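See below for the structure under consideration.
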Amino acid sequence: MPAIRPSVDLKDNYDEISELCHEYREPVFITKNGVGDLAVMSIEAYELLSGKLELYSMIDEGLKQVEQGKVRPMRDALREIRASLA
Numbered sequence: 001m002p003a004i005r006p007s008v009d010l011k012d013n014y015d016e017i018s019e020l021c022h023e024y025r026e027p028v029f030i031t032k033n034g035v036g037d038l039a040v041m042s043i044e045a046y047e048l049l050s051g052k053l054e055l056y057s058m059i060d061e062g063l064k065q066v067e068q069g070k071v072r073p074m075r076d077a078l079r080e081i082r083a084s085l086a
């Protein structure tokens, strides 16, 4: 369950918010005047999320290429990859 904290806690309880972010690896939602304003997360959680988004984008691009008929036999692709590594 996500943690929701008021904005004053950023200043008054920073260490506690940081600990929550690291321990649960989820964002802590910060409210301002009772309304959602920010999501705070650890660097590790951010990097994991960014990596997932990049992967999803690459998968989406691949699916679009398949739809457009931009495909070739796997053995040809692997041969080209091996040649570029040599």
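Numbering (the numbering used here), first residue to last: 1 to 86. Glycine included, C-beta positions come from ideal geometry on N, C-alpha and C. Model, not experiment: these values are computed from the prediction.
State buried or exposed for residue i, treating a residue as buried only when at least 16 other CB atoms are found within 10 Å of its CB.
| i | result |
| --- | --- |
| Leu53 | exposed |
| Val40 | buried |
| Leu20 | buried |
Is the beta carbon of residue i sitting closer than 7 Å to the one on residue j?
| i | j | result |
| --- | --- | --- |
| Arg5 | Ile30 | yes |
| Lys32 | Ser7 | yes |
Between residue i and residue j, which are expected to be in contact by the criterion C-beta below 8 Å, what is the C-beta distance as a whole number of angstroms?
| i | j | result |
| --- | --- | --- |
| Ala3 | Val35 | Actually they are not in contact, since the Cβ atoms of Ala3 and Val35 sit about 16 Å apart, beyond 8 Å. |
| Ala45 | Glu16 | Not a contact, Cβ separation roughly 17 Å. |
Looking at the strands, I want to know which residues DSSP matches up with residue i.
| i | result |
| --- | --- |
| Leu63 | None; Leu63 has no bridge partner. |
| Leu38 | Ile30 |
| Ile81 | In DSSP, Ile81 forms no bridge with anything. |
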